[in-house]
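Counting in the working numbering, the sequence shown runs from 20 upward without gaps.
These notes concern the structure reproduced below.
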Amino acid sequence: METISLEIVEHIADIRLNRPEKRNAINLELMLSLITAAKQLKANKQLRAIVLSGNGEAFCAGMDFGIFTDMLSGKITADSTGFEDLSEQGANKGQQMGWLWQEIPVPVIAAVHGAALGAGLNIALGADIRIVTPDAKLGFLEITWGFLPDTSATQSLRHLASLDRIKELIFTGRLFSGQEAYEYGLATELADSPHERALEMATTIAGQNPDAIRRAKDMLNKLAFLSVEEGLALEAEHCRSLLGSPNQLEAA
């Protein structure tokens, strides 16, 4: 069985983690499949929005412990998997699994239900928007294994919640609900049927000027790292490029 499923309909990609018998825990095959799919979607010029979810009872229960067993036994090494092969942003394979969604030029909406734990939560944080069930269970469990969040979460988190809340969640490794995630700023919206709601939102986004959407994501992702002067210049640059373009005139 394929570890992910991917369907593209009317410019919307519906990608799902597909190890339901393991609550979509991430093994090596799933990690590499997600990276490959994200790179393919990044290159797709016809795409307008992406919905990222998990089949079965959970979004993603985190890393499959089999990976750690295989690493300790030497069955899996950094050399054999290319784990340390870095992206242009300097991300290793584990980090790419969470961060590549930020590099995709169209909006990515994560639909989270059941559980999003450890690396599973980190993947969801890489999306632009997170729609979560109120009773979902989330947590940065890495600290309970004597480790740290390592799949790009530290970069995704810093613009989503207050630093003291981030520290509390990572230091304690405690579970928190989808409702709490919404209150902390880690969830964009709550919904009892997050996948259905995500597709509805993706359809709305796909109906907008695709050039404007792509430029908006690029601009908003960069603003946190720019001075006011640089941010205003970037905004003006994007607006100039859109004004009078075929898609802008059609939208108007």
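Heads up, the beta-carbon is just placed ideally off N, CA and C, and yes, glycines get one too.
8 Å CB neighbourhood of residue i in its chain, flanking five on each side removed
i: Thr163; result: Gly192
i: Leu253; result: Met238, Lys241, Leu242 and Leu245
Chain-order list of residues whose beta-carbon lies under 6 Å from that of residue i (same chain, five-residue window excluded)
i: Phe195; result: Leu157
i: Ile148; result: Ile128 and Thr207
i: Ile185; result: Leu176
Beta-carbon contacts of residue i that lie in its chain and below 7 Å, excluding the five residues immediately before and after
i: Pro168; result: Asn141, Phe159, Glu161 and Ile189
i: Ala135; result: Phe78, Cys79, Ala143, Ala155 and Leu157
i: Thr22; result: Asn37, Arg38, Glu48, Leu49 and Ser52
Residue i - containing alpha helix (DSSP H), residue span
i: Ser72; result: Note, Ser72: premise wrong, no alpha helix (DSSP H); beta strand (DSSP E) at Ala68 to Gly73.
i: Lys156; result: First-last for Lys156: Lys156 to Gly158, but that is the beta strand (DSSP E), not the alpha helix (DSSP H).
i: Ala172; result: Ala172 to Leu176
i: Leu218; result: Pro213 to Ala225
Local conformation of residue i per DSSP, three classes
i: Gly3; result: This structure leaves residue 3 out entirely; the chain is present only between 20 and 271.
i: Ala32; result: strand
i: Ala255; result: helix
i: Phe190; result: helix
i: Phe84; result: helix
i: Ile27; result: strand
i: Glu208; result: strand
i: Leu140; result: helix
i: Ser196; result: strand
i: Ala231; result: helix
i: Ile45; result: strand
i: Ala77; result: coil
i: Ala57; result: helix
i: Ala180; result: coil
i: Ala243; result: coil
Buried or exposed (CB count within 10 angstroms, at least 16 for buried), residue i
i: Phe78; result: buried
i: Gly73; result: buried
i: Gly133; result: buried
i: His178; result: exposed
i: Ser171; result: buried
i: Asp183; result: exposed
i: Gly145; result: buried
i: Val151; result: buried
i: Gly81; result: buried
i: Leu262; result: exposed
i: Leu259; result: In the sequence under discussion, the amino acid at residue 259 is Arg, which differs from the Leu named in the question. The residue in question, Arg259, is exposed, as its Cβ has fewer than 16 Cβ neighbours within 10 Å.
i: Leu251; result: exposed
i: Asp237; result: exposed
For residue i, the nearest candidate out of the options (CA to CA)
i: Gln59; options: Thr152, Lys41 and Pro124; result: Pro124
i: Ser264; options: Pro229, Ser246 and Met238; result: Pro229
i: Ala138; options: Tyr201, Glu249, His178 and Leu47; result: Leu47
i: Gln174; options: Leu119, Pro126, Ala221 and Ala210; result: Leu119
i: Thr223; options: Glu26, Leu25, Ala62 and Ile31; result: Ile31
i: His212; options: Ala235, Arg259, Pro153 and Ile232; result: Per the sequence shown, the amino acid found at residue 212 is Ser instead of His. The option with the nearest alpha carbon to Ser212 is Pro153.
i: Ile69; options: Leu218, Leu182 and Tyr201; result: Leu218
i: Ile34; options: Ser246, Leu53 and Gln198; result: Leu53
Segment limits, beta strand (DSSP E) that includes residue i
i: Ala130; result: Val127 to Val131
i: Arg149; result: Ile148 to Val151
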